[in-house]
Amino acid sequence: MSSQITWENIEALLAFSTLFLHKNVKLYDIQTEPLTLDPYSYSKEFNKFIASLYEQNFIISFAWTSWQDEAQGFITNPELLTLADISTLQKLFTTHVRQELFCSGHLAAMIINCHFLAIFNRLRAIYTDFDKNDEPKMNKQTSVIQGDITQLQIDAIVNAANEELMPGGGVCGAIHRAAGPSLWEECRQLKGCKTGEAKITKGYNLPAQWVIHTVGPVWEGGSYGEDELLASCYRRSLALAEKHQIKAIAFPAISTGVFGFPVERATKIAVAEVNKFLHSHNSVEQVIFVCFGQNTYDYYLKLMPEITES
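For the record, in the sequence shown the residue sitting at position 256 is 1178 according to the numbering used here, with numbers rising by one throughout.
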């Protein structure tokens, strides 16, 4: 650990990681008229991220101009980041922020090529590996966001599917539309999926490499095994993620739409199952709960700390 960086610094910076998960989030604009030497402007959220780099000691004093070749090496070969320590991440952040001062649009390029996302993935891995016995992994490895799951640049997203694995409405329909017809062609070959089980396909036109399809239960009052079936959806999906060496996975609020599962009850099950998995497995490094509606998002924000601390 760098002498200038604390675990609180890392935790504060990780709060900005979700900025780089959305493929179509507008983090910058380009001014074409009139001509200017500094045509790039950045969003309020992105500027808060840059300010946080300074506040959390990730911008350091060093000879960054002579380190640009090393920084480029991490862009050319992203696998090098898996060995990077905190000091190296400080140098990377510093070099890219400084380069923007001399080359307008450099930071925009780091957004487009997902380099910032890759740095955050390494930073999260370092944070997750620290002191596992003293703090619940749930606090470090999970987050909740409100947005469009089809836009996440992540290893895998989970589809709240139907038993036929056909394109449907809601999240399922959105995923199929974004992935393109090849997703349905592969789904057809899987011969369906039973409630509570999960199957995996490629992501095709999605930013995500994989889609894990799981079929949640239709709510029938709670006396027909709905809780266990929903819990099984999360367990089976995470087991597939582990089997396919998926490090980061995003879940929608399974069964809470047209299937009618009570949102608060479903949220408790989702968070509890993910919590149990993360405490007993080291394979998955990041889980994101993606909520479409404000009501569901509020439940996750409320329940995640309660279940984590219990």
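C-beta: ideal position from N, C-alpha, C; glycine also.
Here the structure is a predicted model, which means the values were calculated and not measured.
Alpha carbons only, please: which of the options is nearest the one belonging to residue i?
i        : options                                   : result
Ile-952  : Ala-1083, Val-1206, Gln-1068 and Ser-965  : Ser-965
His-1203 : Ile-1210, Arg-1157 and Tyr-1221           : Arg-1157
Cys-1155 : Lys-1169, Cys-1115, Leu-1128 and Gly-1144 : Cys-1115
Val-1180 : Gly-1027, Trp-1106, Tyr-1219 and Glu-1142 : Glu-1142
Phe-980  : Phe-1024, Ala-934 and Gly-995             : Ala-934
Val-1140 : Val-1206, Leu-1151 and Met-1088           : Leu-1151
Asn-1127 : Thr-1072, Lys-970, Cys-1213 and Lys-1224  : Thr-1072
Ser-983  : Leu-1014, Gly-995 and Ser-1205            : Leu-1014
Leu-1045 : Ala-1006, His-1018 and Leu-1029           : Ala-1006
Gln-1063 : Ile-927, Asn-1197, Phe-1214 and Asn-1217  : Asn-1197
Leu-1011 : Cys-1025, Ser-1026 and Glu-992            : Glu-992
Thr-926  : Tyr-976, Pro-1000 and Gly-1182            : Residue identity check: residue 926 is Gln in the sequence provided, not Thr. Nearest C-alpha to Gln-926: Tyr-976.
Phe-1214 : Phe-1183, Thr-1178 and Ala-1194           : Thr-1178
At which residues does the beta strand (DSSP E) containing residue i begin and terminate?
i        : result
Trp-1132 : 1132–1137
Ile-1171 : 1170–1173
Lys-1121 : 1120–1124
Ile-963  : Reading the sequence as shown, one finds Ser at residue 963 and not Ile. Element bounds for Ser-963: 962–964.
Phe-1199 : Not the beta strand (DSSP E): Phe-1199 falls in the alpha helix (DSSP H), residues 1185–1202.
Gln-1208 : 1208–1213
Ile-952  : 950–952
Report yes if the C-beta distance between residue i and residue j is below 8 Å; otherwise report no.
i        : j        : result
Lys-1124 : Leu-1112 : no
Lys-1169 : Asp-1077 : yes
Tyr-1146 : Val-1185 : no
Phe-1042 : Ser-939  : yes
Ala-1172 : Ala-1188 : no
Leu-1225 : Lys-1190 : yes
Ile-1079 : Phe-942  : no
Leu-1002 : Gly-995  : yes
Val-1206 : Glu-1148 : no
His-1135 : Leu-1087 : yes
Ile-997  : His-1037 : yes
Ala-878  : Cys-1094 : Residue 878 falls outside the range modelled here, since the chain spans only 923 to 1232, and no answer is possible.
Gly-1090 : His-944  : no
Ile-1067 : Val-1212 : yes
Val-1137 : Leu-1105 : no
Ala-1030 : Pro-1000 : no
Considering just the uninterrupted stretch of the alpha helix (DSSP H) at residue i, what are its terminal residues?
i        : result
Leu-935  : 929–936
Glu-1150 : 1148–1165
Pro-1103 : 1103–1111
task: Ignoring anything shorter than 4 residues or poking outside the region 999–1084, list the alpha helix (DSSP H) runs there in chain order.
output: 1008–1024, 1028–1034, 1037–1051 and 1059–1063
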